[in-house]
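In order, the protein sequences belong to chains A and B. For the first sequence, UniProt numbering assigns the number 1 to the initial residue and increments by one for each residue that follows. For the second sequence, UniProt numbering assigns the number 1 to the initial residue and increments by one for each residue that follows. Think of the CB as a built atom: it goes at the ideal place given N, C-alpha and C, for glycine as much as any other residue. Contents: one structure, followed by commentary.
There are 2 protein chains.
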Amino acid sequence: MEEQNKKILLVEDDPNFGTVLKDYLMMNDYDVVHAKNGMEGFEKFKKDDYDLCILDVMMPYKDGFTLAKEIREKNTDVPIIFLTAKAMKEDVLKGYKVGADDYLNKPFDSEVLLMKIKAIMQRKATDSVADSKQFEFKIGRFDLNSKLRFLKFDGGEPTKLSPKENELLRLLALHENDLMPRELALTKIWRDDNYFTSRSMDVYIAKLRKYLKPDPKVEILNIHGEGFRLVVNGNDK
Amino acid sequence: MEEQNKKILLVEDDPNFGTVLKDYLMMNDYDVVHAKNGMEGFEKFKKDDYDLCILDVMMPYKDGFTLAKEIREKNTDVPIIFLTAKAMKEDVLKGYKVGADDYLNKPFDSEVLLMKIKAIMQRKATDSVADSKQFEFKIGRFDLNSKLRFLKFDGGEPTKLSPKENELLRLLALHENDLMPRELALTKIWRDDNYFTSRSMDVYIAKLRKYLKPDPKVEILNIHGEGFRLVVNGNDK
DNA sequence: TGCTTTTGTTAATGTAAGGTTAAACCTAAT
DNA sequence: ATTAGGTTTAACCTTACATTAACAAAAGCA
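Given below as structure tokens:
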């Protein structure tokens, strides 16, 4: 069973410490992107989705709090851990009320950091009441429950979906009525883009079409050379 | 608002080190009971409820692992932290698979210990939102009494459940209609996640299905690669 | 138009996960 | 020492998935 590694954005200006920390986290099966300052950190953040941000507070140009604020403007959900100097009191930190999930005084025990990360990730995982919306879709007369991997037609018997079927349909639903680029699915779901994965994806499209047949208003259209489009007719706009 | 201090059982044979550690923990607002060896540790454990156990591994008469095993028989939930010699490798420790929540190499940084304690307490606190003191469940036409380990059909003769059967069914019931991840049961009940424990779990699923057969509306569904789902049909929504 | 590339669909294949039953193994209690 | 209850391991079988192959049909392009 393969599980996707969690992605961490690490923003730390001290190159030595940053590199060591990055390596340590990667050894513990996290995907880590290391930015050397606040600017770069924000650029990287915009370019990708992260499960967690670890921000050094003391940085030139753009400090951790300012960066956090910008990040929050784009995404209210990512957990943030601040690395602070020993001296700082907690109440000082609270003043910035930017919604930190944790603070860690430098220097810190790397194991402690790991634990905090785990705890936060787990909390987020169980929190999912909030983002359950991302897992349930109405597609014409169908209901897709992407967490439990089933598709229901008119509230009847649910059809089980395989992981790939499920993820693909979910991606299409996320882009309902819009182009879902081939490449997006391939990189997100298959994590590889070549002739064979592409053919495999086509096979899955065929399967999904079969599942969706009961509702004639629901179609998966191909946009030649570009990707696919899940449309629900009558859902005009 | 008054909050009760957390209670810690400390089992450590070195009187000096033990006393120092005890004082340190008490200074940090924990109630600490200090036992000087494994025997005494177990006696004290039986006499009271603890939020956490800190066990030295290397002790005369009864080592920490043996003690932990006894503790686990009485209580599957208390978090346990082991104090180990530097030399011990983690995989050696895992062999004992007694469900440690953490290991700490002696000598260790007392602040690190504090943080680990905090982390564990917090984890327990959030865990228990879900599975707190719930021991009675209605599952279709069944009643599960998880404290007394029996399952009743239509209020008739109760079927006795073995500890593992019971815990597994309870976990499923806690997640009724929702995914109960395989991994969750394995780490919570078997305290180890490998091929064999996983197969063992499957055996238990089969047993539970047999028990639940009398009510056709109750099913344990598999979600391939993810886990199981206890559903009660007609309990729609 | 004819040729190439992309997509549609179905079937075949290989592997991993899960289902089930029975035997082996442990351990506590007799 | 024997036994009974509980659990794990083994063995064998079925189902679920993903990939690849094979061939057909569209779409784009020269």
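Beta-carbon contacts of residue i that lie in its chain and below 6 Å, excluding the five residues immediately before and after
i: residue 53 of chain B; result: 9, 78, 80
i: residue 26 of chain A; result: 32
i: residue 83 of chain B; result: 56, 104, 106
i: residue 43 of chain A; result: none
i: residue 142 of chain B; result: 151, 153
Distance, residue j Cα to residue i Cα
i: residue 20 of chain A; j: residue 6 of chain B; result: 36 Å
i: residue 234 of chain B; j: residue 193 of chain B; result: 34 Å
i: residue 162 of chain A; j: residue 189 of chain B; result: 27 Å
i: residue 65 of chain B; j: residue 34 of chain B; result: 17 Å
i: residue 173 of chain B; j: residue 61 of chain A; result: 53 Å
i: residue 71 of chain B; j: residue 12 of chain B; result: 16 Å
i: residue 51 of chain A; j: residue 221 of chain A; result: 32 Å
i: residue 110 of chain A; j: residue 195 of chain B; result: 30 Å
i: residue 243 of chain A; j: residue 134 of chain B; result: Residue 243 of chain A lies beyond the stretch modelled for chain A, which goes from 1 to 237, so this question has no answer here.
i: residue 36 of chain B; j: residue 28 of chain A; result: 36 Å
i: residue 116 of chain A; j: residue 67 of chain A; result: 21 Å
i: residue 219 of chain B; j: residue 157 of chain B; result: 21 Å
i: residue 215 of chain B; j: residue 159 of chain B; result: 14 Å
i: residue 202 of chain B; j: residue 209 of chain B; result: 11 Å
Chain A within 8 Å of residue i, Cβ atoms only
i: residue 217 of chain B; result: no
i: residue 191 of chain B; result: no
i: residue 188 of chain B; result: no
i: residue 112 of chain B; result: yes
i: residue 238 of chain B; result: Lying before the first or after the last residue shown, residue 238 of chain B is absent from chain B, which here runs from 1 to 237.
i: residue 225 of chain B; result: yes
Test: residue i CB closer than 8 Å to a CB of chain B
i: residue 163 of chain A; result: yes
i: residue 93 of chain A; result: Reliability fails at residue 93 of chain A, whose pLDDT of 45 lies under 50, so the model's placement of it is uncertain and no value is given.
i: residue 240 of chain A; result: For chain A, the structure presents residues 1 to 237; residue 240 of chain A sits outside this window and is missing.
i: residue 207 of chain A; result: no
i: residue 135 of chain A; result: no
i: residue 115 of chain A; result: yes
i: residue 203 of chain A; result: no
i: residue 185 of chain A; result: no
i: residue 231 of chain A; result: no
i: residue 119 of chain A; result: yes
Other residues of its chain near residue i: CB distance less than 8 Å, five sequence neighbours each side excluded
i: residue 226 of chain A; result: 179, 181, 182
i: residue 204 of chain A; result: 164, 165, 168
i: residue 39 of chain B; result: 61, 62
i: residue 207 of chain B; result: 165
i: residue 49 of chain A; result: 7
i: residue 46 of chain B; result: 74
Beta-carbon separation (whole angstroms), residue i vs residue j, contact threshold 8 Å
i: residue 176 of chain A; j: residue 230 of chain A; result: 5 Å
i: residue 155 of chain A; j: residue 217 of chain A; result: So it is not a contact: roughly 17 Å between Cβ atoms.
i: residue 137 of chain A; j: residue 144 of chain A; result: 4 Å
i: residue 170 of chain A; j: residue 200 of chain A; result: Incorrect: roughly 17 Å between the Cβ atoms, too far for contact.
i: residue 148 of chain A; j: residue 223 of chain B; result: 7 Å
Same chain, Cβ closer than 7 Å to residue i, neighbours up to 5 away in sequence not counted
i: residue 101 of chain B; result: 79, 80, 81, 120
i: residue 197 of chain B; result: 186, 190
i: residue 244 of chain B; result: This structure leaves residue 244 of chain B out entirely; chain B is present only between 1 and 237.
Report the residues of the region 31-45 of chain B with a CB closer than 7 Å to any CB of chain A, ordered along the chain.
-> none
For the region 12-24 of chain A, which residues have a beta carbon sitting closer than 7 Å to at least one beta carbon of chain B?
-> none
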